[in-house]
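Student: Numbering-wise, the sequence shown is residues 74 to 468 according to my numbering. For each residue, glycine too, the CB sits at the ideal point set by N, CA and C. The structure's right below; bear with me while I get my questions together.
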Amino acid sequence: MKSVNFLPTAKKRIAVAMSGGVDSSVVAYLLAQEQAGHELIGFTAWTLNGPGKCCNDALVNAGRVCETLGMAYDTVDLRAEFAHYVMDYYHNSYEKGLTPNPCVECNRYVKWEKLVDYARDHLDVDYVATGHYAKLDHTDVQSGGHVKVYRPEDERKDQTYMMARVYPKDLKYTLFPLGNMTKSQVYELAQKVDLPTAYSKESQDICFVLNGQANYMKGVFGAQKGPIVDLDTGKTLGEHEGHYLFTVGQRKGVKVAAGRPIYVIKVDPTTNTVYVGDKHHLDTTRFRVQSPNWLVDELANPSVYPYESMVKIRYNSPPELGTVHWVDESTLEVELTQPKDAVTPGQIAAFYDTDYQQLYGGGYIEAHVNHNAFDKETRQQNLPDLNCQIDPLPV
C-alpha cells in the first residue's frame, strides 16, 4: 500500500469541509491537534432547500463540532450550483436513457471546484481538508505536476472511484487526513474525545432522492407508458411506466412473465422502449469512454497508448485488467481481459495502475449529457428561500 499522504508540517490556514458526519469531525480534531498550530475554519455547503435537508441535525452538528474545537464556522449557499450540476444532470441523463452517477458530478463541480474556489477566494485559506478516504501525494506540485491520488489504508472505504473526474487544479489544494486511518479507528477516536458526531450513522442514499427512486422519477417526469420488448424475439412482453425507471443490467422490477430470468439489456429513450433478454447479452469486453479526466499528465499524450490499466466500471464492482486505446482526445476504447456484465452507459469508468493503487482518472461510459453553461442568476430565479437558518459561529 502506498504510504505517502501529504499533510503540511508548517503552519497553514486550512478550511475543513464539514458535512456534520463523524469523518469530517475527526479531520477537524486531528488538524487541531497538529503541532504546527494550523489556523482552522470549518465550513458547510447548503445544497438543498427546505427543512430536513439543509437544516437537519447533521449540519447543525457541524457547527457544534467547530464550537467544541474552538474553530470559526462558515456556510456557503451552493443550492443553485447543486441544482444545475447535479440534479439537472441526473434528470437529463435518465431522460436520455443513461444511468448517471450524481456523486461523481457533485464531487467534480460542487464538493471540489465550487467549494475550493469559495474557500480560497472568500476564506483565504491555503488548503481545504475533507473526510474522504484516499491518499494524496503532493511531491510533484512544486515542479508543476499533478497531485497523485492513491487508495486509502481502509480499502473497504475507498472513495477514489468517486474522485475520478475531480479537476487536478482543485486537488492540489486538498488534504485527506484520514488516508492512513480505518473507519473503525475514526469512530474510536471520535468516541474517545467525545465529539458530538461520534455516534452518527452513514448515509447510503442519493441525498435528494427522499422517497425511493421510482417515486422520485415519476414525480419528475410523470408516467410515460411504453413497451417492454424481448431482444431476441421482438415480442412485446408487457408495459412500463417510463424508460427512465430502468437501467442496463436491472432484473428486479422488470415485471413481465418471460418464463426465465430476464434483464434489462437496452433502454431506447427515442421510442420509450425497454429491451430485455438473457444475461449473456450483458457481457462485453469492449466499450468506449468519453471525456476522460486525467490526474496523470502523461495519459493526455496519445503516444503512450495503448497501455494496461485496472478499470473499474461501478463503485461497488471489482476492477478488471484491460488495455486502453486512444481514439481521439475525447474518446478512449477499453478492451478488458475478461468479460464484464452491465457496462452501463452514463456510468463512470475509472482507470488505475495495474497494481490497483494509483487513480489515473476517468470518463463517461459510451455516452453522457453535456453540461450547459452555468448561469447562477437564471438558475436561482425558481429556487425558494430556505425555511431555516444555521447561525455561523463567531470568527
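#1: Three or more C-beta pairs under 8 Å: does that hold for the stretch 163-180 against the stretch 265-276?
#2: Can you tell me whether DSSP reads Arg86 as helix, strand or coil?
#3: On the DSSP bridge assignment, give the partners of Lys385 in chain order.
#4: Helix, strand or coil, according to DSSP, for Cys127 in the structure here?
#5: Just confirm the distance between the C-beta atoms of His353 and Tyr378, as a whole number of angstroms; I'd bet it's less than 8 Å.
#6: Alpha carbon to alpha carbon, how far is Arg86 from Asp199?
#7: Return the first residue and the last residue of the alpha helix (DSSP H) that Asn165 is part of.
#8: For Gln469, count the other beta carbons within 10 Å of its own beta carbon; 16 or more makes it buried, fewer makes it exposed. Which is it?
#9: In the DSSP output, which residue or residues are listed as bridge partners for Gly115?
#10: Does Ala118 pass the burial test, meaning 16 or more other C-beta atoms within 10 Å, or should it be called exposed?
#11: Could you pull out every residue in the same chain whose Cβ sits closer than 8 Å to the Cβ of Thr247, ignoring the five residues on either side in sequence?
#12: Does the stretch 409-425 come close enough to the stretch 343-363 that 3 or more CB-CB pairs lie under 8 Å?
#13: Among residues of its own chain, excluding the 5 on either side of Gln232, which ones have a beta-carbon nearer than 8 Å to its beta-carbon?
#14: Go ahead and label Gly110 buried or exposed: buried means 16 or more other beta carbons lie within 10 angstroms of its beta carbon, across all protein chains shown.
#15: Can you give the beta carbon distance from Val369 to Gly436, rounded, assuming they're within the 8 Å contact cut?
#16: Report all residues from its chain with a CB closer than 8 Å to the CB of Ala83; omit the five preceding and five following residues, and keep chain order.
#17: Using CA atoms only, rank isn't needed, just tell me which of Phe155, Val293 and Val95 is closest to Ser276.
#18: My understanding is that Cys280 touches Leu121, with C-beta atoms under 8 Å, so please give their C-beta distance in whole angstroms.
#19: In terms of residue numbering, what span does the alpha helix (DSSP H) encompassing Ser32 cover?
#20: Curious, which full-length beta strand (DSSP E) runs of at least 3 residues does the stretch 303-370 contain?
#21: Assign Gly434 to one of three DSSP states: helix, strand, or coil.
Tutor: A quick look at the data gives this:
#1: no
#2: Locating residue 86 in the sequence shown gives position 13, counting from the first residue. It is a strand residue.
#3: For the purposes of this step, residue 385 is taken as the residue at position 312 of the sequence shown. Beta-bridge pairing links Lys385 to Ala423.
#4: On the sequence shown, position 54 is the one that residue 127 refers to. Only weak support is given to the placement of Cys127: the predicted model assigns it a pLDDT of 42, under 50, and the value that follows is read from those uncertain coordinates. Three-state DSSP puts Cys127 in coil, outside helix and strand.
#5: As a first step, residue 353 is located in the sequence shown; it is residue number 280 there, counting from the start. As a first step, residue 378 is located in the sequence shown; it is residue number 305 there, counting from the start. Between Tyr378 and His353 the Cβ distance is about 30 Å, and since that is not below 8 Å, they are no contact.
#6: Reading the sequence shown from its first residue, position 13 is the one you call residue 86. Reading the sequence shown from its first residue, position 126 is the one you call residue 199. Rounded to whole angstroms, Arg86 to Asp199 spans 5 Å at the Cα level.
#7: Within the sequence shown, residue 165 is the residue found at index 92, counting from 1. Start and end: Tyr162 to Glu168.
#8: Examination of residue 469 is not possible in this model, given that the chain is present from 74 through 468 alone.
#9: For the purposes of this step, residue 115 is identified with residue 42 of the sequence shown, where counting begins at 1. In DSSP, Gly115 forms a bridge with Val89 and Tyr146.
#10: The residue given as residue 118 occupies position 45 in the sequence shown. Buried.
#11: By one-based count along the sequence shown, residue 247 stands at place 174. These residues qualify, in order along the chain: Trp185, Val189, Tyr200, Val201, Ala202, Thr203, Leu209 and Val220.
#12: yes
#13: For the purposes of this step, residue 232 is identified with residue 159 of the sequence shown, where counting begins at 1. Taken in chain order, the residues that qualify are His205, Tyr206, Ala207 and Pro225.
#14: Walking along the sequence shown from the start, residue 110 turns up at place 37. Counting Cβ neighbours within 10 Å, Gly110 comes out exposed, since fewer than 16 surround it.
#15: If you number the sequence shown from 1, residue 369 lands on position 296. If you number the sequence shown from 1, residue 436 lands on position 363. Contact flag wrong, Cβ pair sits at about 14 Å.
#16: Here the question's residue 83 lines up with position 10 in the sequence shown. Closer than 8 Å at Cβ, skipping near neighbours: Ala109.
#17: For this step, residue 276 is matched to residue 203 along the sequence shown. Comparing Cα positions, the closest option is Val95.
#18: Reading the sequence shown from its first residue, position 207 is the one you call residue 280. Reading the sequence shown from its first residue, position 48 is the one you call residue 121. Going by Cβ atoms, the distance from Cys280 to Leu121 rounds to 7 Å, so yes, they are a contact pair.
#19: There is simply no residue 32 to check, as the chain begins at 74 and stops at 468 in what is shown.
#20: 309-313, 336-341, 346-350 and 357-367
#21: The sequence position of residue 434 within the sequence shown is 361, counting from 1. In this structure, Gly434 counts as strand in the three-state DSSP scheme.
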